[in-house]
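**Q** Here it is: the structure, laid out below.
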Amino acid sequence: MPGPCRARRPCPRRPLSSVPRNRTRRAVDSGCDVRQLLARGGHERALDALTAREREVLTEMAQGHTNAAIATRLFISRSAVEKHVNAIFTKLDLTALAATTHSRRVLAVLRYLGA
Numbered sequence: 004m005p006g007p008c009r010a011r012r013p014c015p016r017r018p019l020s021s022v023p024r025n026r027t028r029r030a031v032d033s034g035c036d037v038r039q040l041l042a043r044g045g046h047e048r049a050l051d052a053l054t055a056r057e058r059e060v061l062t063e064m065a066q067g068h069t070n071a072a073i074a075t076r077l078f079i080s081r082s083a084v085e086k087h088v089n090a091i092f093t094k095l096d097l098t099a100l101a102a103t104t105h106s107r108r109v110l111a112v113l114r115y116l117g118a
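Counting from 1, position 3 in the sequence shown corresponds to residue 6 in our numbering; the numbering is continuous, with no gaps.
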């Protein structure tokens, strides 16, 4: 498997047609190889551990919505969204994997899209 792509522009090795054109996609474009992230495996089982509400939040994240927008769309508080997002990170084992919330958000969406 090829190593991470360090290019600052989109890498032709990875199809991004299913990733929304927003902060998430820009982070992936400037980051590493999506196939490497998805090759970790086992994420289907982890996704099964998510509650229905956590899946709704993750779906909204995959569509590129911010926490504030997710709260509005799901009729819950922003604090509740943040709690769901942190639960998603924990269940997908993204707590120690990535240092920043933005990176964990990208990885959570990639696992969701790859399932």
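Beta carbons: idealized from backbone N, C-alpha and C, even for Gly.
1. Start and end of the alpha helix (DSSP H) containing Leu61?
2. What first and last residue would you give for the alpha helix (DSSP H) that runs through Ser82?
3. Hey, could you find the ends of the alpha helix (DSSP H) Thr75 is sitting in?
4. Under 6 angstroms Cβ to Cβ from Arg29, same chain only, skipping five residues before and after it: list those, please.
5. With 16 other CB atoms within 10 Å as the buried threshold, where does Phe78 fall?
**A** On the basis of the data shown:
1. Leu61: member of the alpha helix (DSSP H) spanning 55–65, first to last residue.
2. For Ser82, the uninterrupted alpha helix (DSSP H) run begins and ends at 81–94, by DSSP.
3. Residues 70–77.
4. Since pLDDT at Arg29 reaches only 48, below the 50 mark, its modelled position is unreliable, and the value read off the structure follows with that caveat. No residues qualify anywhere along the chain.
5. Counting other Cβ atoms within 10 Å of its Cβ, Phe78 stays below 16 and is therefore classed as exposed.
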